[in-house]
Amino acid sequence: MIELLDLQQTLHAFAACNDDDEVWDIFGWVMTSDENLLDARLWLPSSSNEALDDDGERSAASAAMGLFPYLEPATFADVLKVQKRQRPLSSVQDYAQALAYYAEFDAFQQVDGVDVALGGRKLQHRRLRARRVWAQASSRPSI
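Convert by adding 1252 to the 1-based position in the sequence shown; the result is the number in the working numbering.
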C-alpha cells in the first residue's frame, strides 16, 4: 500500500537524509495530490519508475490515487536548503510558499534583506569604498 504524507511529514523525511546522494537513493520523485502543499497528500516513491511510466507520464498507481509529479527530489531538497539558509526559523507554511514559488517560476524565492544577513553588508561596504577611492583618484589633478 502506498503511504501518503502531509507536508510536515515530507519535510521530516527529507530532513532525515544526510546529503543529495541519499535523497536520490531514497526518493524517485515527489508526487502530490494538490498544488497547494498545505492541503496536499504527498507520495515519495522509491524510484521514478514507480511514479512515472516509460513515456514520463504518471504511472497507473499515481493516476489511480490522483497524484501528479511535483518536483524531482533533489530539486525539492534544494528549495528546502535555500529556504532554511535564508530563513532558519521557517514554518511549514514558509516552506510550502518557497516550494510553490519554485514550482511556478523555476527559481528560488528571494527573501528581502538576506544578502545583508549572509554577509552582503561586507560586499556593499567594499563597493562603497571602491567608489570613494575611484572618485578621489579621478578628482586629482593630472600632472
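Glycine included, each C-beta is placed from N, C-alpha and C at the ideal position. Fair warning: this is a prediction, and the values are worked out from it, not measured in the lab.
Here residue 1293 is near residue 1256, since their CB atoms are less than 8 Å apart.
The Cβ-Cβ distance between residue 1266 and residue 1319 does not fall below 8 Å. For secondary structure counted as the alpha helix (DSSP H) over 4 or more consecutive residues, the stretch 1256-1309 holds these complete runs in sequence order: 1259-1267, 1272-1278 and 1300-1303. Relative to residue 1281, the option among 1258, 1310 and 1354 whose CA is nearest is 1310. Take the alpha-carbon of residue 1351 and the one of residue 1302: they are about 23 Å apart. Separation of residue 1284 and residue 1321 (C-alpha to C-alpha, rounded to the nearest whole angstrom) is 6 Å. Looking at the DSSP output, residue 1325 shares a beta bridge with no other residue.
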